[in-house]
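K.L.:
Sequential numbering from 940 applies to the sequence shown in this note's numbering.
For each residue, glycine too, the CB sits at the ideal point set by N, CA and C.
Since the model is a prediction, treat every value here as computed from it, not as a measurement.
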Amino acid sequence: MITCVVEYVIDPAQIESFERFGRRWMDLVDRHGGTHHGYFLPAEGASDRALALFSFPSLAAYEEYRTLFGRDPEFVEADRIRDESGCVLRYERTFMRPMLPGAS
940 MITCVVEYVI DPAQIESFER FGRRWMDLVD RHGGTHHGYF LPAEGASDRA
990 LALFSFPSLA AYEEYRTLFG RDPEFVEADR IRDESGCVLR YERTFMRPML
1040 PGAS
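The structure is reproduced here in C-alpha cells:
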C-alpha cells in the first residue's frame, strides 16, 4: 500500500470552495481504486494549511488513477473548482508507506 499525503496552502477566504473541491476528490479517489482518508482543515493555529491523505494498493494503481487527470471530464471538473476559486495557493505531494495498528 502507498499513501499520498498532500499538504496544501489554501486561501482562508475560500474555505467553502476548498471543501467543495475536497468532497469531489474524495469521491473520485474512492471510485477509482483508492481509499480516501479525508481532508484535515484548519481548526486552530495556522488558518492557511490543510492536508489530504489517500491510499492505493500500489504505486502502479496510483499511476493508473493519475492517467485520468486532464482527460476524464469529472477530474477536469474537480480541478476547475480549485482553479476558478483560487482556493489552493500551492501544494506538495509526498508518498508514504503506512504503518498501521495490528500490522506486523
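1) If residue 960 sits next to residue 1021, beta carbons under 8 Å apart, how far is it from one beta carbon to the other, in whole angstroms?
2) Considering residue 965, what are the terminal residues of the alpha helix (DSSP H) in which it resides?
3) Indicate whether residue 968 and residue 1028 have their beta-carbon atoms separated by less than 8 Å.
4) What span of residues does the alpha helix (DSSP H) with residue 998 cover, start to end?
5) Which residue from 1040, 987, 1012 and 1033 puts its Cα closest to that of residue 953?
P.N.:
A quick look at the data gives this:
1) 5 Å
2) 954–970
3) no
4) 998–1005
5) 987
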